[in-house]
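Residue numbering for the sequence shown is 485 to 601, as defined by this note's numbering. For glycine and all other residues, C-beta sits at the position ideal for the given N, C-alpha and C. Treat the numbers as computed from the prediction; the structure is a model and nothing was measured.
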Amino acid sequence: QVQLVESGGGLVQAGGSLRLSCAASGSIFSISAMGWYRQAPGKQRELVATIGRGGSTNYADSVKGRFTISRDNAKNTVYLQMNSLNPEDTAVYYCKLSEPYTSRNYWGQGTQVTVSS
485 QVQLVESGGG
495 LVQAGGSLRL
505 SCAASGSIFS
515 ISAMGWYRQA
525 PGKQRELVAT
535 IGRGGSTNYA
545 DSVKGRFTIS
555 RDNAKNTVYL
565 QMNSLNPEDT
575 AVYYCKLSEP
585 YTSRNYWGQG
595 TQVTVSS
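#1: Could you give the first and the last residue of the continuous beta strand (DSSP E) run that contains residue 490?
#2: Under 8 Å Cβ to Cβ from residue 597, same chain only, skipping five residues before and after it: list those, please.
#3: List the residues that DSSP assigns as beta-bridge partners of residue 580.
#4: Please say whether residue 534 and residue 558 have beta carbons closer to each other than 8 Å?
#5: Have a look at residue 592 and residue 515 and give me their C-alpha separation to the nearest angstrom.
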């Protein structure tokens with residue numbers, strides 16, 4: 485069983501930065517693709533960024549050049565460095581682990597990011 489715990493959210497002014505972390509339990513982290521998603525009030529959950537087990541990355545157009553996803557397999561942790569934040573980035577941010585060979589996905593509980601103007 486995999487458990488994901490996000491941290492690092494909070495309140496920040498526009499133009500500021502935050503770094504989110506997501507720590508995973510279990511032994512499959514290093515062979516799993518990881519992703520960050522977000523859900524703003526009244527909107528559907530959307531992809532922010534993903535990172536493959538080999539380190540390949542993918543970003544939503546809205547965050548390209550501002551956000552960076554990375555992983556530390558030794559710590560079973562994925563990060564999301566968020567720079568140049570704007571109020572449109574306000575949302576609950578979730579991390580997801582995609583278990584290989586099973587198509588099973590695990591989600592964290594989410595961490596709130598609020599950007600004030």
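In brief:
#1: In the sequence shown, counting from the first residue as 1, residue 490 sits at position 6. Going by DSSP, residue 490 is part of the beta strand (DSSP E) stretching over 488–491.
#2: Translated into positions along the sequence shown, residue 597 becomes position 113. Exclusion of the five residues before and after residue 597 leaves 493, 494, 496, 502, 504, 522, 566, 569, 573, 574, 575, 576 and 577 as the residues of its chain whose Cβ lies within less than 8 Å of its Cβ.
#3: On the sequence shown, residue 580 is found 96 positions in, with the first residue counted as 1. Paired residues: 519 and 591.
#4: Mapped onto the sequence shown, residue 558 falls at position 74. Mapped onto the sequence shown, residue 534 falls at position 50. Cβ distance not < 8 Å, so residue 558 and residue 534 don't count as in contact.
#5: The residue you call residue 592 lines up with position 108 of the sequence shown. The residue you call residue 515 lines up with position 31 of the sequence shown. Taking the straight line joining both Cα atoms gives about 18 Å.
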